[in-house]
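The end of the sequence shown is residue 1310 by the working numbering, with every number in the run present.
The beta carbon of each residue, even a glycine, is placed where N, CA and C say it ideally should be.
The structure under discussion appears below in the form of structure tokens.
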Amino acid sequence: MTYILIAVFLIILIMMYKRFAPVQGVPCSKVKQELPVVIVDLRDYNISDKRPLSSNAINIPVAYLNRHYHEIPSKNVHVIAQNQIEKNMGIRLLRKNGINVMSYTMSNCTCK
1199 MTYILIAVFL IILIMMYKRF APVQGVPCSK VKQELPVVIV DLRDYNISDK RPLSSNAINI
1259 PVAYLNRHYH EIPSKNVHVI AQNQIEKNMG IRLLRKNGIN VMSYTMSNCT CK
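So this is what it looks like as structure tokens:
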């Protein structure tokens, strides 16, 4: 019984880490159109359609990222996210699939 509880606790701990632990090594920056990186918008379709931050961004919500990451033409990307959870999960999924995330922008806060 103790081993089952420890296993369940470890699974919950790993899931919480993937969602809430900040991603290291990716700076926050403004969206710049002239950068040689592809802009990937991880926000939901209805949010990114109403408040676009970039006209040439590829819109792939985090829920669809595992299925559609191969549609990103470059290996260097700039991520636009709505909140910290989308940013953390999106960057981790992109890194896992071999895509280098250069920077990110959060739509609800400003970069320092």
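| said: Whether or not the stretch 1273 to 1282 and the stretch 1297 to 1305 are in contact is what I'm after, with contact meaning three or more pairs of Cβ atoms, one per stretch, closer than 8 angstroms; do they touch? | reply: yes
| Which runs of the alpha helix (DSSP H) fall wholly inside the stretch 1221 to 1281 and span at least 4 residues, in chain order? | 1243 to 1248 and 1263 to 1266
| said: Once the 5 residues before and after residue 1220 are set aside, which same chain residues still bring their CB inside 8 angstroms of it? | reply: By one-based count along the sequence shown, residue 1220 stands at place 22. The answer, listed in chain order, is 1282 and 1286.
| query | Going by the beta-carbon positions, is the gap between residue 1236 and residue 1275 smaller than 9 angstroms? | reply | In the sequence shown, the residue the question calls residue 1236 occupies position 38. In the sequence shown, the residue the question calls residue 1275 occupies position 77. Cβ atoms of residue 1236 and residue 1275: closer than 9 angstroms.
| said: Can you tell me whether residue 1199 is helix, strand or coil according to DSSP? | reply: Along the sequence shown, one-based indexing puts residue 1199 at 1. If DSSP states are grouped into helix, strand and coil, residue 1199 belongs with coil.
| message | Mapping the DSSP letters down to three states, classify residue 1298 as helix, strand or coil. | response | Here residue 1298 refers to the residue found at position 100 when the sequence shown is read from its first residue. Here residue 1298 sits in strand by DSSP.
| said: Here's a check: name, in chain order, each residue in its chain whose Cβ is nearer than 7 angstroms to the Cβ of residue 1270, leaving out the five neighbours to either side. | reply: The sequence position of residue 1270 within the sequence shown is 72, counting from 1. Closer than 7 angstroms at the Cβ level, and outside the excluded window around residue 1270, lie 1236, 1238, 1256 and 1297.
| message | Measuring only the C-alpha atoms, how far is residue 1208 from residue 1216? | response | As a first step, residue 1208 must be located in the sequence shown, where it is residue number 10. As a first step, residue 1216 must be located in the sequence shown, where it is residue number 18. Between residue 1208 and residue 1216, the C-alpha separation is close to 12 angstroms.
| query | Is the beta carbon of residue 1229 sitting closer than 9 angstroms to the one on residue 1251? | reply | Taking the sequence shown and counting its residues from 1, one reaches residue 1229 at position 31. Taking the sequence shown and counting its residues from 1, one reaches residue 1251 at position 53. Cβ distance < 9 angstroms, so residue 1229 and residue 1251 count as in contact.
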